[in-house]
Every structure is written in C-alpha cells, then in structure tokens.
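Each residue of the sequence shown is one higher than the one before, counting from 739 in the working numbering. From the three backbone atoms N, C-alpha and C, an ideal C-beta is built for every residue, glycine too. Note that the structure is a prediction, hence the values are computed from the model and not measured. Shown next, in structure tokens, is the structure this report addresses.
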Amino acid sequence: MVWKDRITTDPSVCHGKACIKGTRIMVSVILDNLAARVSQAEILQSYPTLTSKDIFAAISYAAELARE
C-alpha cells in the first residue's frame, strides 16, 4: 500500500493535518476510531466517502511516522 496515493497534507485543508485525498477526513480520526475498536465496517458506514483502501493508507501512514 502506497499511502502517498491516498493521503495529502494541504495548509488550506484541516489546518494542514493529514487527510484522505478529496475529503476533510483526517487520518487521526480514522486512527482514533480504530484505537477505540470501531470496526472497519462501522468506520465506512460513518464516513461513506471512505474506502477500505483509505483506512489501510491511514494505517500505513501512521506506521511510517512511527518508524521516524
């Protein structure tokens, strides 16, 4: 999974926080939901513009940050 294809940081969107491209859904929101044991299906239902690839991109992004 190449997270760079699905995640963007733009100072004019969500104060430059990492978001799923084409949305205002921040990566941190996805990760917070996963940490709270919200299922992928529930996240997708709550945020219908997301795909499962977006969720995996958020995880990949977080993993890369953790390696730094």
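Exposed unless 16 or more other CB atoms sit within 10 angstroms - verdict on residue i
i, result
"D743", "exposed"
"A774", "exposed"
"A795", "buried"
"L788", "buried"
"A779", "exposed"
Simplified DSSP state of residue i, which is helix, strand or coil
i, result
"I758", "strand"
"I797", "helix"
"I763", "coil"
Rounded separation between residue i and residue j - CA only
i, j, result
"L769", "I797", "7 Å"
"S777", "S766", "15 Å"
"G760", "E806", "26 Å"
"M764", "I745", "9 Å"
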